[in-house]
Amino acid sequence: MNQKNNNSKNENEDFGRFDFVGLTPLFGGISLVLSLVFLVYLTVNGINYGIDFRGGTEIQVKFGQSVEIDNLRKSTEGLGIGEVGIQGFGDGNEFIFRFQGIQGKTDKETNENLSSSIAKVRTMLETQFGAQQPDIRRVDTVGPQVGAELKRNGFLSIFYCLLVILIYVSLRFDYKYSPGAVICLIHDVILTMGIFVLVGKEVNVSILAAILSLIGFSLNDVIVVFDRIRETESMYKNKSSKFIVNKAVNDMLGRTIITAGTVFTSALCLWIFSEGTVADIAFAITIGMFFGTYSSVFVAAPLMIFIEKMKFLAKA
Numbered sequence: 001m002n003q004k005n006n007n008s009k010n011e012n013e014d015f016g017r018f019d020f021v022g023l024t025p026l027f028g029g030i031s032l033v034l035s036l037v038f039l040v041y042l043t044v045n046g047i048n049y050g051i052d053f054r055g056g057t058e059i060q061v062k063f064g065q066s067v068e069i070d071n072l073r074k075s076t077e078g079l080g081i082g083e084v085g086i087q088g089f090g091d092g093n094e095f096i097f098r099f100q101g102i103q104g105k106t107d108k109e110t111n112e113n114l115s116s117s118i119a120k121v122r123t124m125l126e127t128q129f130g131a132q133q134p135d136i137r138r139v140d141t142v143g144p145q146v147g148a149e150l151k152r153n154g155f156l157s158i159f160y161c162l163l164v165i166l167i168y169v170s171l172r173f174d175y176k177y178s179p180g181a182v183i184c185l186i187h188d189v190i191l192t193m194g195i196f197v198l199v200g201k202e203v204n205v206s207i208l209a210a211i212l213s214l215i216g217f218s219l220n221d222v223i224v225v226f227d228r229i230r231e232t233e234s235m236y237k238n239k240s241s242k243f244i245v246n247k248a249v250n251d252m253l254g255r256t257i258i259t260a261g262t263v264f265t266s267a268l269c270l271w272i273f274s275e276g277t278v279a280d281i282a283f284a285i286t287i288g289m290f291f292g293t294y295s296s297v298f299v300a301a302p303l304m305i306f307i308e309k310m311k312f313l314a315k316a
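This is the structure in structure tokens:
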């Protein structure tokens, strides 16, 4: 009996400092709850889509002098162009006007209404705020049909990306690895998107591009973990799956901290010191880096053990 306890103790000491597999029930439960909560939140409240996906016009204006945002809102109420959202950023003298405009019976009529709405905003700025030196820096217009197509193609690209990853990991390693990799990536996307929407930020083409980049980085981290697990498995053929996973993750822990920490710090600094779309992209990458690194250790690897156990039970 004492010999058995000593062997178990020695095995635990050999795999490294941290028992990651032993913490799986705790962190696995947290991940499951968070994923379900954010999935329900996104389903019930919906996603705040940007101009790219819902269609409309976005005008960025910088004033040479201070302007009250309430005055801008009052000035747009009588333009007859529908509801106008105004957001200030930067030094307080820069604003973004967003509106969908008046929908026409045909695409041509809708485009004419948008052109007319943009002209009305320009005229309003020149006549009522000419003393504040308004400078129109950017005008982006997307039709509703184009926006809907962009949204559909954007989310399809994420789906196809995950599907190809499932096939790739199955061929590159073994089928017991692929479900863990894909579930890990879905976990990262749901949590990143959920927090992004929760804080009131808009989802547009740039943010979906950031999400796809996160999928690629997270996959790279997962592949490194799986590769180390397979290498450790060939070296310790008589050891348990728990030992092999813990040994592999502990051995590559330094590499993970340095690599992920460097990207995380860079994205965090970019988010803090930048503005507008760049800040939103950096915010998404910052969140995604945290969850991507966490899930590669506490989601992907333990799921591989779980699938291996299910395979053993099925054979029994």
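Numbering-wise, the numbering used here puts 261 at position 261 of the sequence shown, and it's gapless, one number per residue.
Backbone N, C-alpha and C fix where the C-beta goes; we use that ideal spot for every residue, glycine too.
Simplified DSSP assignment, three categories, for residue i
{"i": "Glu94", "result": "strand"}
{"i": "Thr141", "result": "strand"}
{"i": "Asp390", "result": "Nothing about residue 390 can be read from this structure; the chain reaches only from 1 to 316."}
{"i": "Ala88", "result": "It should be pointed out that residue 88 corresponds to Gly in this sequence rather than to Ala. Here Gly88 sits in strand by DSSP."}
{"i": "Thr57", "result": "strand"}
{"i": "Glu13", "result": "Its pLDDT being 49, under 50, Glu13 is placed unreliably by the model, and the measurement read from it follows with that caveat. Note: Glu13 maps to helix in three-state DSSP."}
{"i": "Phe18", "result": "coil"}
{"i": "Gly28", "result": "helix"}
{"i": "Lys239", "result": "coil"}
{"i": "Phe106", "result": "Correcting the residue identity first, residue 106 is Thr in this sequence and not Phe. Looking at Thr106 - three-state DSSP - the assignment turns out to be coil, as it is neither helix nor strand."}
{"i": "Ser213", "result": "helix"}
{"i": "Met252", "result": "coil"}
{"i": "Leu303", "result": "helix"}
{"i": "Lys176", "result": "coil"}
{"i": "Phe290", "result": "helix"}
{"i": "Ser35", "result": "helix"}
{"i": "Phe317", "result": "Outside the displayed range of the chain (1 to 316) lies residue 317, so it cannot be described from this structure."}
{"i": "Asn7", "result": "Caution is warranted here: a pLDDT of 47 is assigned to Asn7, below 50, making its placement in the model unreliable, and the coordinate value is therefore given only provisionally. Helix, per DSSP."}
{"i": "Glu112", "result": "helix"}
{"i": "Leu72", "result": "helix"}
{"i": "Leu79", "result": "coil"}
{"i": "Ser274", "result": "coil"}
{"i": "Met1", "result": "With a pLDDT of only 43 at Met1, under the threshold of 50, the placement of this residue in the model should not be trusted; the figure read from the coordinates follows. Three-state DSSP puts Met1 in coil, outside helix and strand."}
Residues bridged to residue i (per DSSP)
{"i": "Tyr49", "result": "Val203"}
{"i": "Phe63", "result": "Pro134"}
{"i": "Phe99", "result": "Thr57, Val84"}
Short Cβ contact (8 Å threshold) for residue i with residue j
{"i": "Phe273", "j": "Leu150", "result": "no"}
{"i": "Val84", "j": "Phe63", "result": "no"}
{"i": "Thr232", "j": "Ile244", "result": "yes"}
{"i": "Thr277", "j": "Ser206", "result": "yes"}
{"i": "Thr110", "j": "Gly143", "result": "yes"}
{"i": "Val222", "j": "Cys184", "result": "yes"}
{"i": "Thr57", "j": "Ser116", "result": "no"}
{"i": "Phe306", "j": "Phe290", "result": "no"}
{"i": "Leu79", "j": "Val121", "result": "yes"}
{"i": "Ser218", "j": "Ser296", "result": "yes"}
{"i": "Ala284", "j": "Ile211", "result": "yes"}
{"i": "Ala267", "j": "Thr286", "result": "yes"}
{"i": "Ile186", "j": "Leu208", "result": "no"}
{"i": "Asp135", "j": "Val61", "result": "yes"}
{"i": "Phe97", "j": "Ile59", "result": "yes"}
{"i": "Ile190", "j": "Ser66", "result": "no"}
{"i": "Asp188", "j": "Gly28", "result": "no"}
{"i": "Met193", "j": "Leu23", "result": "no"}
{"i": "Phe18", "j": "Asn220", "result": "no"}
{"i": "Thr76", "j": "Leu114", "result": "no"}
{"i": "Asn238", "j": "Val21", "result": "no"}
Residue-level contact to chain B via CB, residue i, 8 Å cutoff
{"i": "Asn45", "result": "The structure shown has no chain B; it contains just one protein chain."}
inquiry  = If contact is defined by three or more beta carbon pairs under 8 Å, each pair taking one atom from either stretch, is the stretch 156-167 in contact with the stretch 62-71?
reply    = Cβ pair count under 8 Å is below three, so no.
request  = State whether the stretch 37-57 contacts the stretch 200-213, with contact taken as three or more CB pairs (one from each stretch) at a distance under 8 Å.
outcome  = Output reads yes: the stretch 200-213 touches the stretch 37-57.
inquiry  = Would the stretch 175-182 count as touching the stretch 288-303 if we require 3 or more Cβ pairs under 8 Å?
reply    = Contact holds: three or more Cβ-Cβ distances are below 8 Å.
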